[in-house]
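Each residue of the sequence shown is one higher than the one before, counting from 823 in this note's numbering. Glycine included, every Cβ here is placed at the ideal spot set by N, Cα and C.
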Amino acid sequence: MIIGAAALLGIVGGVAVGYGVQAEREPTPLAALSQPGLGYPAKPAAADRAPAPLPAAQDRRVKTDGDLRKLLVDRPKGARKAFSGPLGLDDGWEPLNQYVEDYYDDPQYMFETLAEAGLRRVASVSWVQGKHRDTTVQLIQFRSGDMHGAADHFDDQIMYMPWDKDGAGNTGEAIKGSREGRYFLYPVEREAGYLPSYRARAMARRGDIMLDINIFDTVPISKKYIRTLAERQLERL
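The following block contains the structure:
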């Protein structure tokens, strides 16, 4: 025990002497936090040397802040315009209440959710081909800011698509030109006394805009048809 106590006193004494020696020394200056030269120009560039702003054709913000309806894909040749709204009128803008009532089981909940997420506007175009093929393309734009409305809405929709009850029952396939976009074919629905019902859906996101395409028909819808339409619409964003 005496030896242990002596060893402990030796350690404590050594630490005390070390602190004393360090206290007598001049403080070591810290390295400079800033570099001698700036990593950017000290003065703004002259007007004739400043980079020119992007032309409208290359500035995506110019397109998406303008008339969103002009970014909608064109109706296929021979397709008939589909009427929408209680008066049978369609100017390309879809009110939020109409959007949620047409596509969601709980319109009131979706209305409040999308409004809080900063939904800005919905542009849409619809057409009819053949006897029963009904196609609707929607561009759903959210306000830019701290919230990521378009990304959140896209994630919420894509999440349930593999489900059998509310979704397509499969994981879909990737859309060319989109990191996250996918298209889906639903299982056919049959009911006695009615024609079979086929459905396809495609979703993708670019910036603050989510695109949503829905196709309904009484005959099968090919993967090529929904995929090509989604790619054409994505190219316009």
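Below 9 Å between beta carbons: does that hold for residue i and residue j?
| i | j | result |
| --- | --- | --- |
| Thr1040 | Lys953 | yes |
| Leu918 | Leu894 | no |
| Ile1035 | Gln1055 | yes |
| Tyr1005 | Arg1049 | yes |
| Ile997 | Ala1014 | no |
| Asp1030 | Arg891 | no |
| Gly995 | Lys1045 | Per the sequence presented here, residue 995 reads as Glu, with Gly not at that position. Cβ atoms of Glu995 and Lys1045: closer than 9 Å. |
By the 10 Å Cβ neighbour count, where 16 or more other Cβ atoms means buried, how is residue i classified, buried or exposed?
| i | result |
| --- | --- |
| Ala972 | buried |
| Ser948 | buried |
| Asp988 | exposed |
| Asp887 | exposed |
| Gln960 | buried |
| Arg965 | exposed |
| Gln963 | buried |
| Met969 | exposed |
| Arg1012 | exposed |
| Gly967 | exposed |
| Leu1017 | exposed |
Kindly list the residues whose CB is nearer than 6 Å to the CB of residue i, restricted to its own chain and excluding five residues on each side of it in sequence; keep chain order.
| i | result |
| --- | --- |
| His975 | Met1032 |
| Glu916 | Val944, Ser946 |
| Arg1021 | Tyr1008, Phe1038 |
| Pro849 | none |
| Tyr926 | Met932 |
| Gly914 | Arg891, Ala945 |
So, for residue i: in the same chain, excluding its five sequence neighbours on each side, which residues have a beta-carbon less than 8 Å away from its beta-carbon?
| i | result |
| --- | --- |
| Gly991 | Pro984, Trp985, Tyr1008, Pro1009 |
| Arg1027 | Ala972, Ala973, Phe976, Ser1000, Glu1002, Gly1003, Leu1033 |
| Glu938 | none |
| Tyr982 | Asp988, Gly989 |
| Pro929 | Asn919, Val922, Glu923 |
| Arg897 | Lys903, Val947, Trp949 |
Taking the continuous beta strand (DSSP E) assigned at residue i, which residues delimit it?
| i | result |
| --- | --- |
| Ile962 | 955–964 |
| Arg942 | 941–951 |
Can you give me the Cβ contacts of residue i inside the same chain, cut-off strictly under 7 Å, excluding the 5 residues immediately before and after it?
| i | result |
| --- | --- |
| Val950 | Ala901, Arg902, Ala904, Asp956 |
| Phe933 | Leu918, Asn919, Val922 |
| Thr993 | Pro984 |
| Glu1053 | Ile997, Lys998, Gly999 |
| Gly940 | Phe964, Arg965, Gly967, Met969, Gly971 |
| Pro1042 | Tyr1020 |
| Leu909 | Because the pLDDT at Leu909 is just 43, under 50, the model does not fix this residue reliably, and the point stays unresolved. |
| Gln979 | Met1025 |
What are the start and end residues of the alpha helix (DSSP H) that includes residue i?
| i | result |
| --- | --- |
| Pro929 | 929–938 |
| Val922 | 918–925 |
| Ala1052 | 1045–1057 |
Any heavy atom of the ligand NAD closer than 8 Å to the beta-carbon of residue i?
| i | result |
| --- | --- |
| Thr993 | Inclusion of the ligand NAD in the displayed structure is not the case, the ligand content being empty and no account of it being possible. |
Exercise for review: Just list the beta strand (DSSP E) runs in the region 977–1030, keeping only unbroken ones of 3 residues or longer that don't cross its boundaries, in chain order.
Suggested key: Here the runs fully enclosed are 1004–1007, 1020–1028.
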